[in-house]
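First comes the structure, then the notes that go with it.
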Amino acid sequence: MKNPKVWKGAENDFVVFLSDMIDGDVDSASGLINIYAFRIPPNPYNFSPKFIPLTSRCTSEIGIQEFDVDDISGDIVFKSGADLWRIGESEVEGILGGGGRTEGTLIKINLESDFSQSQTTVIKSEIKHYTTFDTLNNLGLLTVRGQCYLIPIKETKKFEGGGDKVPGRRWRVWPRGGEVGAVRVFSSKFLNSTHAIILSTDPDSWNTAEVSIYVINLKTLSTVKLIEGDGTALKSPNSDSFTVSGNGKLASWWDTDGFLKVLNIETNEIVTVDTWIVEFGSIKFSKDSKYLAFSHSARNQFTQISVIDLNTYVVTQVTSDRFNSALFTWSDTGFYYTSDRDIYTDQSSPWGTRAPGPHFKKERQVFVIPFEEGGMVKEVEELKVWSTTTEAPTLTPTENPSFELSSSVIQRAYPLLSIPVKTYTDFLAVTDSGVILTTAEGTWNLPFEKGDEEAKVVNTNSNCDLNTAYTSIYCQTTSTYIHILLSTFPDSKTFDLDNMFTVVHKRLEWKMMYGDGWRMLRDYFYDREMHGLDWVGVYNKYLPLVDRCNVREELDDVLKLMASELSALHVFVYGGEYRPVFTDTILKTINKVATLGAKFKTTGIGMEVLLVYEGDPDFPVKDHISMYSPLSGVTLSRSGQVGLVPGDVVTHINGENVLEIPGGLSGALRGMAGRSVKLGVAKVSGNNNVDVIVVPITGDADDDLRYTHWEYQTRLRAKRLAREGGFEVGYIHLRSMSGAKAENEFARDFFGDYNKQGFVIDVRNNHGGNIDSWLLDTLQRKAWMYWQSRNADITNGGLGWDEQFAFRGKIVVLMNEHTASDGEGFSRGVKTLGLGTLVGMRTWGGGIWLSSDNRLVDGGLGGSAPEVGTYNDEWGWGLGVENMGVEPDVVVDNDPHSTYNGNDAQLEKGIEVLKTMIESETDGWSMPNDPGPKKNVKLPEGTC
1 MKNPKVWKGA ENDFVVFLSD MIDGDVDSAS GLINIYAFRI PPNPYNFSPK
51 FIPLTSRCTS EIGIQEFDVD DISGDIVFKS GADLWRIGES EVEGILGGGG
101 RTEGTLIKIN LESDFSQSQT TVIKSEIKHY TTFDTLNNLG LLTVRGQCYL
151 IPIKETKKFE GGGDKVPGRR WRVWPRGGEV GAVRVFSSKF LNSTHAIILS
201 TDPDSWNTAE VSIYVINLKT LSTVKLIEGD GTALKSPNSD SFTVSGNGKL
251 ASWWDTDGFL KVLNIETNEI VTVDTWIVEF GSIKFSKDSK YLAFSHSARN
301 QFTQISVIDL NTYVVTQVTS DRFNSALFTW SDTGFYYTSD RDIYTDQSSP
351 WGTRAPGPHF KKERQVFVIP FEEGGMVKEV EELKVWSTTT EAPTLTPTEN
401 PSFELSSSVI QRAYPLLSIP VKTYTDFLAV TDSGVILTTA EGTWNLPFEK
451 GDEEAKVVNT NSNCDLNTAY TSIYCQTTST YIHILLSTFP DSKTFDLDNM
501 FTVVHKRLEW KMMYGDGWRM LRDYFYDREM HGLDWVGVYN KYLPLVDRCN
551 VREELDDVLK LMASELSALH VFVYGGEYRP VFTDTILKTI NKVATLGAKF
601 KTTGIGMEVL LVYEGDPDFP VKDHISMYSP LSGVTLSRSG QVGLVPGDVV
651 THINGENVLE IPGGLSGALR GMAGRSVKLG VAKVSGNNNV DVIVVPITGD
701 ADDDLRYTHW EYQTRLRAKR LAREGGFEVG YIHLRSMSGA KAENEFARDF
751 FGDYNKQGFV IDVRNNHGGN IDSWLLDTLQ RKAWMYWQSR NADITNGGLG
801 WDEQFAFRGK IVVLMNEHTA SDGEGFSRGV KTLGLGTLVG MRTWGGGIWL
851 SSDNRLVDGG LGGSAPEVGT YNDEWGWGLG VENMGVEPDV VVDNDPHSTY
901 NGNDAQLEKG IEVLKTMIES ETDGWSMPND PGPKKNVKLP EGTC
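Per the UniProt record's numbering, the very first residue in the sequence shown carries number 1; after that it's consecutive.
Pasting the structure below:
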């Protein structure tokens, strides 16, 4: 049930709402939304309502998304698909009086417009639009926002007419058979100087956006389709993994079903590599095109590298699963890769606050498996590529050497000690003198021998790769791509991306995007059976609505309808190319309203301060961000001024009467974030007027500050309520479970209070993340041993117990209807592991995990696919969270009116529950009994 509204009848009032129940039965659901109602009785606090269906949408039709009640006419208007429908007051009365449900009356609407947002447009290409790149000789092959272009090297001299320095030609290539805009190119690679291979949606089946592979003649632009886009041979290939062999005869990729594919371009045959492996990373062909190496997850989740013999398709793992080996490249002398096998931690012991654990840097060392003549292993002493301090054994060649026959291939890898250990991000190539790798700082050519010339570096980002021909590398900079020949590193040339643009035919693209989103949901969703849906039927059901879209936001509406059929949470539609309110960044900035970090009310002389928002004074800076109100005493004292307090009235801003400024306080502060303003203030104490110079903050910073204020006040209230109950608690509020900020928040407030009798972990409004396992691991620590020196124990700051910082008290988790995703996962974990009691309201209901990597051509999500199912023996699929939410042990709702007045019923109940649990323990939180006298080694009197 959702969106309840009151409908006032002639004799009775009714609550009208949306629901997917079937014929008023709350224990059954159709998944299709209709409008229902029930009568409001004289005593609405204790009754069993009878639910009356008002509308009659069936499963083959489009359900109802929203509705409203006209309080004047009594009509109900609802939206279904792209149409508005009306139920008149008299018809509503008739249905509620016992008549049958209705379809409603269609409201006919005619819009007169040029619909400019649906017309063909030109989009300036930016670095965010560039997806794949390849080079050959002096040409680049760029995939940019779903289109493919041949890009020349940028000329160093300006064209001045005539035949001198004629600019290089830049032109578009795409699979023939469809219009540009109806096709999305995912990846493009050179096969040779005259042909390219393209992975794209199929123009012949563009209505469902299936994927095909094409070979295109770069001179004539004639197209040959290699693989039919029928959704069987190709589903959704990972375009980043799409690669081509050096001889131009093979291509390879992995797909969302976890299959590694190899395509013979000459015969159009696809081989699915038979292996248990499903989690793939990089793919690279050997220089002679006889082998294919790929990184993947081992069964223990460590990253390994394996190699396929493309003659026999035998797969051999060439690195161990005892460590991570991920980055690699081929050369004439050997197979090179990086590994973190020589791990070391920068934390040497578990002693210290916040329970420090081992921390391993993500640094990698370079290794080589040397080649034999004609095979895998070559005699080591001939290579001379590792430090002279390493004794290199002589390896005996085998007959017809191969990966399959080299049983000790893993042991035949040798470290290149002259290459520094770093946090490398990619392994690009090997030259005669060294290796080329990337880091966050740039692209490096690192010499084999320490006595050689110093390492060379090119300033790039980490988006670099080796071209198919193994002759050059291409790297992305802040604004373009550069081309570096291996033989002349670090000399580079820039590709001509000046004034790069793409032409977008909006209506064609929207239709392709609808199919693209539908296909990616099919191929990314965790359940290949699509929850039992006829997924093709779903496609056909909503397709007619795409033709009625006139702006990008309306396409989002259609995508939401289509994706919602899965009845799965974590399906989000957002982030496309919407027309901005302001196209000028200056206009955008000056139209943002700044704030003063306080709550006001209007009085006869100005704006009276009701509350100045303040965070925890112990943490004026969190995650390197200052938490302050421009009006607080802490802020203004730094400039020798006095802060504002409740009762003070702001009368003037920069000399203008605040009551006479259009828009009032907001109008006066428009565009003023980060700039000083002068406030005229009537002080509540002393009856004097003063001027104060303050620096307003942005609206986003104000939102953060207000929430921080609530967190701090809730923490104080929790500790006060516990003290009044005769015990001590710790309190943590976690806004999310995402990344370092959430980890910092937990560590900041947990370890300082680990020795309290109770703990309130507040995940209300938590919007998820993925750190639940770390939190649960910390909370599961158990005390099994205790320490006491001659003068110190846990009571006076000495060591307490092992496991260090194990929490020995009772835990309550506060949650509400806005607790989502990993906030729910954490709550479910606390309950399942018996760590505490859940108090509050049923949570949001998202139990299938996602990664949001199925992006549309304009960067938006056409329905983020929940890709990883969760389960256990107790709850089965979804952990009892998906579509249901986590039910609290103690149900408490925060009444809106009471909460507005400053109360927090959920926190109060949580403290009450903690008090009961603590008092019911026979031994409570106390230390173990004194074991008695210490050891006595005094000899008895008279002993010889």
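Glycine is no exception: its CB is placed at the ideal position from the N, C-alpha and C atoms.
Within the segment 46-124, the alpha helix (DSSP H) runs of at least 4 residues that lie entirely inside it are, in chain order, 89-96. C-alpha of M672 to C-alpha of T439: approximately 40 angstroms in a straight line. Inter-residue distance for G655 and Y628 is about 25 angstroms (C-alpha atoms, whole angstroms).
With a 10 Å radius around the Cβ and a threshold of 16 neighbouring Cβ atoms, N467 comes out buried. The continuous alpha helix (DSSP H) containing W710 extends over residues 699-724. Per DSSP, the continuous beta strand (DSSP E) segment holding Q365 begins and ends at 365-370. As the crow flies, the alpha-carbon of F746 is around 8 angstroms from that of H733. For M607, the enclosing beta strand (DSSP E) covers residues 607-612.
According to the DSSP secondary-structure assignment, F759 is paired through a beta bridge with G730, I811.
Residue state for A298 is assigned as coil, using DSSP reduced to three classes. Excluding residues up to 5 positions away in sequence, L861, S864 lie with their Cβ nearer than 7 angstroms to the Cβ of F572 in the same chain. Per DSSP, the continuous alpha helix (DSSP H) segment holding Q906 begins and ends at 905-920. Taking C-beta separations shorter than 6 angstroms and ignoring five residues to either side along the sequence, the partners of K287 in its chain run G246, W330, Y470, following chain order. Two segments are said to touch when three or more pairs of C-beta atoms, one from each, lie closer than 8 angstroms; by this definition the segment 910-921 touches the segment 708-723.
Fully enclosed beta strand (DSSP E) runs of no fewer than 3 residues occupy 837-840 of the segment 822-858, in order along the chain. DSSP lists no bridge partner for Q780. Nearest C-alpha to I22 among T55, V15, N3, P42: T55. S252 sits in a strand when the DSSP states are folded into three classes. Here A668 carries a helix assignment [DSSP, helix/strand/coil].
In the three-state scheme derived from DSSP, where H, G and I count as helix and E and B as strand, S205 is classed as helix. For S348, the closest of G357, D618, D340 by C-alpha to C-alpha distance is G357. Around the beta-carbon of P544, fewer than 16 other beta-carbon atoms lie within 10 Å, marking it exposed. Around the beta carbon of A792, a 10 Å sphere encloses fewer than 16 other beta carbons of the protein chains shown; the residue is thus reported as exposed. Distance from the Cα of S30 is smallest, within the candidate group V658, R322, E61, for E61. Assigned with DSSP and collapsed to three states, D321 falls in coil, not helix or strand. Around the beta carbon of A742, 16 or more other beta carbons sit within 10 angstroms, so the residue counts as buried. With distances taken between CA atoms, P420 lies nearest to D342 out of R735, T353, A293, D342. With the rule of 3 Cβ pairs closer than 8 angstroms, the segment 837-850 counts as touching the segment 880-888.
Contact annotation: L310 and Y291 have beta-carbon atoms nearer than 9 angstroms. Secondary structure of K284 (DSSP, three-state): strand. Look at P237 here: in three-state DSSP terms it is strand.
In the structure shown, the three-state DSSP call for W444 is strand.
Three or more Cβ pairs drawn from the segment 182-194 and the segment 500-517 lie within less than 8 angstroms of each other, which places the two stretches in contact.
In the DSSP assignment, T353 forms no beta bridge with any residue.
Contact between A326 and I369 fails: their C-beta atoms lie close to 15 angstroms from each other, not under 8 angstroms. Ranking V15, Y900, S212 by CA distance to the CA of Y36 puts V15 first.
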